[in-house]
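Those sequence lines, one after another, are chains G and L.
Quick note: the first sequence uses our numbering, first residue 1, plus one each step.
Quick note: the second sequence uses our numbering, first residue 1, plus one each step.
This report concerns only the one structure given below.
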Amino acid sequence: MRGLFNAITVGALLLMMVGVAGADSAGGLSGANVHSPKRGGTLRLAHTSDIRSMDPTTIYDWLEGLLTMLIYNPLLDYDENDKIVPMLAEALPTISSDGSIYTFRLRAGARFSNGREVTAEDVVYSLERHLDPKFHSSYANYYQGISGAAAFTEARMKELTAAPGHQPAKSGRRIEPLTVTGMHAVDRRTIQIQLEKPDLTFSDVLATPYSVIVPREEVERWGDSFAVHPMGTGPFVLKDWKRGVRLKLVHNPISLFSAQAHVDAVEALTGIPESAQVMMFERGELDFLSAIPASDFLRLKRDPNYQLCIAEATGCNPIYISLNCEMPPFTNRLVRQALNYAVNKQQILKGIQSRGVVARGVLPNTVKGFNPLLPGYPYDPAKARMLLAEAGITNGLTVPFWILQEDQDKYQTALRVQQDLAAVGVTLELKIVSYQALLDEGQRRGHVAMSIWDWLADFNDPKDTLDFLVNGERITDDGCLNVAFYSNPRVNELFHRAAPELDRGKRLQLYQELERIVADDAPWIFLFQKNDYALRQVWLKGFTIRSHWPQRLENVWLDK
Amino acid sequence: MPASISLLMKACRTLAANRLAITGALIIVASALLALTAPTMTRIHLLRLPDMQDQKGLDDDGSPRRGGGTYLLGTDNLGRDVLSRVVYGARVSLSIGIAAMLTATVIGVTIGLLAGFYGGKLDLLLMRFTEMNMTIPAILLAMAFAGLLDVNGRTLHLHPAGLPWHFLDFTLKRGAVSVFLIIGLVCWPGMVRVVRAQTLALKEREFVQAARALGASDARIVFRCVFPNLLPTVIVLAVMTTANTILLEAGLGYLGIGVPPPAPTWGTMISEGQAYFTTFPHLVIVPGMAIVLTVLAFNLLGQGLQEIVDPQHRR
């Protein structure tokens, strides 16, 4: 078991163990992870949509994150208590006294699955890729704190614009600096990274799936299609991928971590609707369900066969409606606030069997610095109408609203929001799109005025969620995670102050101040923080869910 | 004219003898009545509003209610009354089905008449075009058309190039109008072949020859001699086509490209209720039965009519 789970989940698991021991002493404690793991078998899972990429610069989806962690390894990782532990690094980094220089030493004998040994140069290259605009990384901001990052990105950008063929190497014109000055390989196994300003979350960044180590020669060999030809140091390798149908990973014997993986293969079916997944699970064709849809939640929860198999992470998954602050009518803050007051979140939550809590702000409940004292937007249609009138909207509004049908909870929520807003004179024209289309168009500037999203934090710190979703300086024209295209100079300034703060208490305070402004500006309709559930088969052992992204499966085993 | 009245009487008597056809007709009349009176029934509180997401429509767990009690056919996952959704759904289904049928009939009869009456190169051209359309499954073609329509609508520029006749432009949004046009545009080919075949036979008949000998224009011959004789066949085809258009409308709704939510359409009801099939089957069975009954009714009536038009076809 690795990864974080919050106090409530731990409590639930403990209860489960007690329950198993008491109720079923014969089948007994195998339900808890007591017996030694069994080797072999194929782990089977399913997902609603196909994946786009297994390139750490562009992964986003649940399945993409999960697969990345099976195929690759980052330098650092979390243990079961959510503490940072070394992974590809030999030990935790040595950090200079001012908190700005990190020195790592790689484990000896780590190899990519093509047989080549991992070197310090690979680490530098892997992190550098995020800063090279050629790779369209969605996560560049994690690495922009490294000294020389801005100059590096600018130089690469210039090369790109000089050579529209996107092949700067061939055009032969290189522009200095060729490397990120703050990051270099001291020797074959030692890496030193210098940050411009100290950052308490940098170790967390290096434990995310974006910071996994990739082999340069493979990236260069495959070019753009590296995303579908992943190759890393992890305990599994991609064996077979039938687009839109299924994906198979097999055990990688030369991985340094191969002994920790117990199954022979992982098979992921893609494009399976949620309700079909439930049926497959109940027939025993899947080893776990990554989400329990509203339609079957109570039935499965009350099913005595599964009672011990439900894992829960409370309030970690914010569901929100993004109101594009660059597109009318949402350029007006009053309109955005009005919409927040017009939605009856409590009622929506009841419709999805109360699997969550009403949101008052941006941060999930599970993240440090979560502020339970934010006022939120209580249901108040009269006030909503008043605010709309104040904004000069007297004849009502019509807005296209992009929604997904694949995700039952979001679809149902969207229909309820449509009714609530109709009551205050706002007509939503539903545009039902695929997940891919929502990602492509919604993250592009000026395309989607209103759309529904969710979020899972990458690690337990407010910087992660806030910086991605509401930092105006992170807005890009394409692949922008700040889908509300929200930018407030005061908030942006607070980001600059909070990020390098070394006093943990003060830092959280700054983030809370920042979140309060965002909540007041209402770039989203703050809906609710959904609980995350997963349902495993009795024979799947070592399976846990975490309140942050991604789901981990390296250490599960099948006890059939 | 007493002769035609007696013919009509005879037709009615034949139809009345066909119990299945009568059942079909009754179902159609009943559903049409329900559809027409739905808003009135709502006004006198016999029927709830179909889009009303009622708090009381969900039980304490937040699950749909089963049939019986205050909600005769239960509620759906948003607490909406299934009975009123299915009745209002009939409005959508029938109106789109019939409008699409009319569109398809106009296109089909026009092409069939032109091809059959003029023959030659025009016939060749029109029939190959028709066959080309028949090779593509209607639902696929409809999906392709629907895909062209954005939620923001698409403006069709119908004015001739260079002329500023912008009053001819019209913007099509996803909604009832676009859906019936799409369905109408894919359902006509079957009609063309029958109309053409009949026209070919009719234009050789003596009365047509006689009209021609008297110097009647093509238009006069088509409208006064050929078309009236085609009418019975066209009516039968139209009734049968309605069964198809209704089915197609439900299919598009199911695929999420029909009339957008929250409009209650049978297809959308099924796709939204599908996930609840194991726990609350009424969400799927009720609209499913509505589709089955209506489509069956149109088919039965169509067959009954066919027996009158074409007595040899009788079993």
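Ideal placement from N, C-alpha and C gives every residue a C-beta, glycine not left out.
Query raised in the report: What do you reckon, are the CB atoms on leucine 387 of chain G and glycine 425 of chain G nearer than 8 Å?
Result: Taking a C-beta distance under 8 Å as the contact criterion, leucine 387 of chain G and glycine 425 of chain G do not qualify as a contact pair.
Query raised in the report: Once you ignore the five residues that flank isoleucine 517 of chain G on each side, which residues in its own chain have a CB closer than 7 Å to its CB?
Result: Answer for isoleucine 517 of chain G: Asn488, Arg490 and Val491, listed in chain order.
Report task. Count the other C-beta atoms from every protein chain shown that fall within 10 angstroms of the C-beta of leucine 374 of chain G, then say buried if there are 16 or more, exposed otherwise. Result -> Under this definition leucine 374 of chain G is a buried residue.
Report task. Give, in chain order, every residue of the segment 406–430 of chain G whose Cβ lies closer than 9 Å to some Cβ of chain A. Result -> Protein chains in the displayed structure are G and L, and chain A is not among them.
**Report entry** Three-pair Cβ contact test at 8 Å for the segment 65–72 of chain L versus the segment 207–219 of chain L
**Finding:** Because the criterion of three Cβ pairs below 8 Å is not met, the segment 65–72 of chain L and the segment 207–219 of chain L do not touch.
Requested in this report: Given a cut-off of 8 Å, decide if alanine 519 of chain G and arginine 336 of chain G are closer than it, judged by their beta-carbon atoms.
Outcome: In this structure, alanine 519 of chain G does not lie closer than 8 Å to arginine 336 of chain G by Cβ.
Query raised in the report: First and last residue of the alpha helix (DSSP H) that includes valine 518 of chain G?
Result: Per DSSP, valine 518 of chain G belongs to the alpha helix (DSSP H) from 504–521.
Query raised in the report: Should alanine 23 of chain G be flagged as near chain L, meaning a C-beta pair shorter than 8 Å?
Result: Summary for alanine 23 of chain G: the model assigns pLDDT 36, below 50, so the residue's position carries little reliability, and this model does not support an answer.
Query - Contacts of serine 84 of chain L in chain G (Cβ-Cβ under 7 Å) - result: Going along chain G, no residue has its Cβ under 7 Å from serine 84 of chain L, so there is no contact; the nearest lies around 15 Å.
Query - Spatial distance of arginine 13 of chain L from aspartate 310 of chain L (CA atoms) - result: The straight-line gap from Cα to Cα measures roughly 15 Å.
Query - Limits of the unbroken alpha helix (DSSP H) element including lysine 383 of chain G - result: From DSSP, the alpha helix (DSSP H) with lysine 383 of chain G extends over 381–390.
Query raised in the report: Between the segment 42–58 of chain L and chain G, which residues of the former have a C-beta closer than 9 Å to a C-beta of the latter?
Result: Those would be Asp51, Met52, Gln53, Gln55 and Leu58, in chain order.
**Report entry** Residues bridged to aspartate 397 of chain L (per DSSP)
**Finding:** Outside the shown range of chain L, which is 1 to 315, sits residue 397 of chain L, and nothing can be said about it.
Query raised in the report: With a CB to CB cut of under 6 Å and the five nearest residues on each side skipped, what residues in its chain are close to alanine 99 of chain L?
Result: Excluding sequence neighbours, alanine 99 of chain L sits near Phe180.
Query raised in the report: Is glutamine 274 of chain L near serine 275 of chain G, with beta carbons less than 8 Å apart?
Result: Taking 8 Å as the Cβ cut-off, glutamine 274 of chain L and serine 275 of chain G qualify as a contacting pair.
Query raised in the report: Skipping 5 residues on each side, what residues in its chain have a beta carbon closer than 6 Å to that of aspartate 77 of chain G?
Result: So the qualifying residues of the chain are Val85, Met87 and Ala207.
Query raised in the report: Start and end of the beta strand (DSSP E) containing proline 400 of chain G?
Result: Where proline 400 of chain G is concerned, the enclosing beta strand (DSSP E) starts and stops at 397–404.
Query raised in the report: Going by the beta-carbon positions, is the gap between tyrosine 379 of chain G and isoleucine 213 of chain G smaller than 8 Å?
Result: Between tyrosine 379 of chain G and isoleucine 213 of chain G, the C-beta spacing is not below 8 Å.
Report task. Using a cut-off of 7 Å between C-beta atoms, extract the partners of lysine 350 of chain G located in chain L. Result -> Chain order gives the chain L residues near lysine 350 of chain G as Leu58 and Gly62, where near means a beta carbon separation below 7 Å.
Query raised in the report: With a CB to CB cut of under 7 Å and the five nearest residues on each side skipped, what residues in its chain are close to alanine 23 of chain G?
Result: Its pLDDT being 36, under 50, alanine 23 of chain G is placed unreliably in this model, and the coordinates cannot settle the point.
**Report entry** Where the segment 283–301 of chain G meets chain L: residues whose CB sits under 8 Å from a CB there
**Finding:** Those residues of the segment 283–301 of chain G that come within reach of chain L (Cβ to Cβ, closer than 8 Å) are Pro293, Ala294, Ser295, Asp296, Leu298 and Arg299.
Requested in this report: Could you name the residues of chain G that glycine 256 of chain L contacts, counting a contact when the two beta carbons are closer than 7 Å?
Outcome: Neighbours of glycine 256 of chain L on chain G, chain order: Gln405 and Ile432.
Query raised in the report: Which two residues bound the contiguous beta strand (DSSP E) that contains arginine 44 of chain G?
Result: 42–47 is the span of the beta strand (DSSP E), which, as asked, contains arginine 44 of chain G.
Query raised in the report: According to DSSP, is methionine 1 of chain G helix, strand or coil?
Result: For methionine 1 of chain G, the predicted model reports a pLDDT of 31, less than 50, meaning its position is unreliable and no value from the coordinates is stated.
Query raised in the report: Which two residues bound the contiguous beta strand (DSSP E) that contains glycine 24 of chain L?
Result: Premise fails: glycine 24 of chain L lies in the alpha helix (DSSP H), 19–43, not in any beta strand (DSSP E).
Query raised in the report: Whole-angstrom Cβ separation of glutamine 551 of chain G and serine 211 of chain G, contact assumed at under 8 Å?
Result: Glutamine 551 of chain G to serine 211 of chain G, Cβ: 18 Å. No contact.
Query raised in the report: According to DSSP, is aspartate 51 of chain L helix, strand or coil?
Result: The DSSP-derived three-state label of aspartate 51 of chain L is coil.
Query raised in the report: When DSSP builds the beta bridges, which residues end up paired with aspartate 187 of chain G?
Result: Note: aspartate 187 of chain G is bridge-paired with G/Thr190 in the DSSP secondary-structure output.
Report task. Determine the chain G residues that contact tyrosine 276 of chain L at a beta-carbon separation under 7 Å, and present them in chain order. Result -> From the beta-carbon of tyrosine 276 of chain L, the residues of chain G found nearer than 7 Å are Ser295.
**Report entry** Sequence ranges, alpha helix (DSSP H) only - wholly within the segment 215–303 of chain G, length at least 4
**Finding:** DSSP runs (the alpha helix (DSSP H)) wholly in the segment 215–303 of chain G: 216–222, 274–282 and 294–302.
Query raised in the report: Who are the neighbours of threonine 279 of chain L on chain G, taking C-beta pairs under 9 Å?
Result: Annotation: Cβ neighbours of threonine 279 of chain L in chain G (cutoff 9 Å, chain order): Ser295, Asp296, Leu298 and Arg299.
Query raised in the report: Rounded to whole angstroms, how far is the Cβ of valine 343 of chain G from the Cβ of aspartate 420 of chain G, which I believe are closer than 8 Å?
Result: Contact holds; Cβ gap of about 5 Å.
**Report entry** Terminal residues of the alpha helix (DSSP H) in which lysine 350 of chain G lies
**Finding:** In the DSSP annotation of this structure, the continuous segment of the alpha helix (DSSP H) that includes lysine 350 of chain G starts and ends at 345–351.
Requested in this report: Kindly list the residues whose CB is nearer than 6 Å to the CB of aspartate 464 of chain G, restricted to its own chain and excluding five residues on each side of it in sequence; keep chain order.
Outcome: Excluding residues within five positions, the ones whose Cβ falls inside 6 Å are Ala457 and Asp458.
Query raised in the report: If you measure from the beta carbon of leucine 78 of chain L to each beta carbon in chain G, is any gap under 8 Å?
Result: With its beta carbon less than 8 Å from one in chain G, leucine 78 of chain L belongs to the interface.
Requested in this report: Decide if the segment 301–311 of chain G is in contact with the segment 505–513 of chain G; the criterion is three or more beta carbon pairs, one per stretch, under 8 Å apart.
Outcome: Judged by Cβ distances under 8 Å, the segment 301–311 of chain G makes no contact with the segment 505–513 of chain G, as fewer than three pairs qualify.
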